[in-house]
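Asker: In terms of the numbering used here, the sequence shown is residues 8 to 153.
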Amino acid sequence: MPSQGKKYEYLEHTADIKFLAYGNTLKEVFENAALAMFNVIIDTGKVSGETAREVCLTSPDLESLLVDWLSELLYLFEVDEIVFWKFRVEEIREEEGEYSIKAVASGEQYYPESHPFETEIKAVTYNQLELEKTADGWKAQVVVDI
8 MPSQGKKYEY
18 LEHTADIKFL
28 AYGNTLKEVF
38 ENAALAMFNV
48 IIDTGKVSGE
58 TAREVCLTSP
68 DLESLLVDWL
78 SELLYLFEVD
88 EIVFWKFRVE
98 EIREEEGEYS
108 IKAVASGEQY
118 YPESHPFETE
128 IKAVTYNQLE
138 LEKTADGWKA
148 QVVVDI
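1. Ignore the nearest five residues each way along the sequence and tell me which others in M44's own chain have a CB closer than 6 Å to its CB.
2. Nearest by alpha-carbon distance to G1: which of N46, A22 and V54 is it?
3. So what does DSSP say about D23, is it helix, strand or coil?
4. Need the endpoints of the beta strand (DSSP E) that V54 sits in, please.
5. Assign Y106 to one of three DSSP states: helix, strand, or coil.
6. Kindly indicate which three-state DSSP category L64 falls into: helix, strand or coil?
7. What does the alpha-carbon distance come out to for the pair T21 and A130?
8. Residues in the same chain with beta-carbon distance under 6 Å from Y106, minus the five sequence neighbours each way, listed in chain order, please.
9. Taking buried to mean at least 16 other C-beta atoms within 10 Å of its own C-beta, is G30 buried or exposed?
10. Could you spell out the range, first to last residue, of the beta strand (DSSP E) harbouring K129?
11. For a test of the three-state rule: what should DSSP assign to K14, helix, strand or coil?
12. Distance check for Q135 and Y82, CA to CA, integer angstroms please.
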């Protein structure tokens, strides 16, 4: 995996939270971006559970698909109160100028006593958004509004 085996790392940002996610494949970078985002909210090491939610989305480009994917997971956390810790992207494809993702996120019901809240994320932003294929695989830079 790129960047010495790291799945993700957090970077300095004045007001929000910025992270880089890495992956050998496009699917893997989407999975690791989701893991990085949820580790901002809670400690995913304290989550097990296998409550699954399927996510299927379509967007005009890959960058928008990444933002939409993370935003949908954030929405599911806020509305269904599920904390996710495991992400499996089954497919990302391009068809007729649009990109789609089919994935499964797994986690468990959110209970404050079991999952101490760390940071509230208000939104996933397009600010400083980057998604690129590198010599080692894929890299995504994401900023979330807190």
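Note that beta-carbon positions come from the ideal geometry of N, C-alpha and C, so glycine has one too. Given the structure is predicted, the values throughout are model-derived calculations rather than measurements.
Answerer: In short, the structure shows the following:
1. As a first step, residue 44 is located in the sequence shown; it is residue number 37 there, counting from the start. Excluding positions up to five away in sequence, the list reads L77.
2. Absent from the structure is residue 1, since the part of the chain shown begins at 8 and ends at 153.
3. Here residue 23 corresponds to residue number 16 of the sequence shown, with the count starting at 1. The answer is coil: DSSP assigns D23 none of H, G, I, E or B.
4. Residue mapping note: residue 54 aligns to position 47 of the sequence shown, counting from 1. Where V54 is concerned, there is no enclosing beta strand (DSSP E), given that its DSSP letter is neither H nor E.
5. Start at 1 with the first residue of the sequence shown, and residue 106 comes out as number 99. Assignment of Y106 by DSSP, reduced to helix, strand and coil, places it in the strand class.
6. Along the sequence shown, one-based indexing puts residue 64 at 57. Taken through DSSP and simplified to helix, strand or coil, L64 comes out as strand.
7. On the sequence shown, position 14 is the one that residue 21 refers to. On the sequence shown, position 123 is the one that residue 130 refers to. If I take the Cα positions, the gap works out to 16 Å.
8. Along the sequence shown, read from residue 1 onward, the residue named residue 106 stands at position 99. Within its own chain, the residues whose Cβ lies closer than 6 Å to the Cβ of Y106, once the five positions on either side in sequence are excluded, are S66, L69 and L72, listed in chain order.
9. For the purposes of this step, residue 30 is identified with residue 23 of the sequence shown, where counting begins at 1. Result: buried.
10. Here residue 129 refers to the residue found at position 122 when the sequence shown is read from its first residue. Neither: K129 is in no beta strand (DSSP E) and is coded neither H nor E.
11. On the sequence shown, residue 14 is found 7 positions in, with the first residue counted as 1. Assigned with DSSP and collapsed to three states, K14 falls in coil, not helix or strand.
12. Position 75 of the sequence shown, counting from 1, holds the residue named residue 82. Position 128 of the sequence shown, counting from 1, holds the residue named residue 135. One Cα belongs to Y82, the other to Q135, and the distance between them is close to 22 Å.
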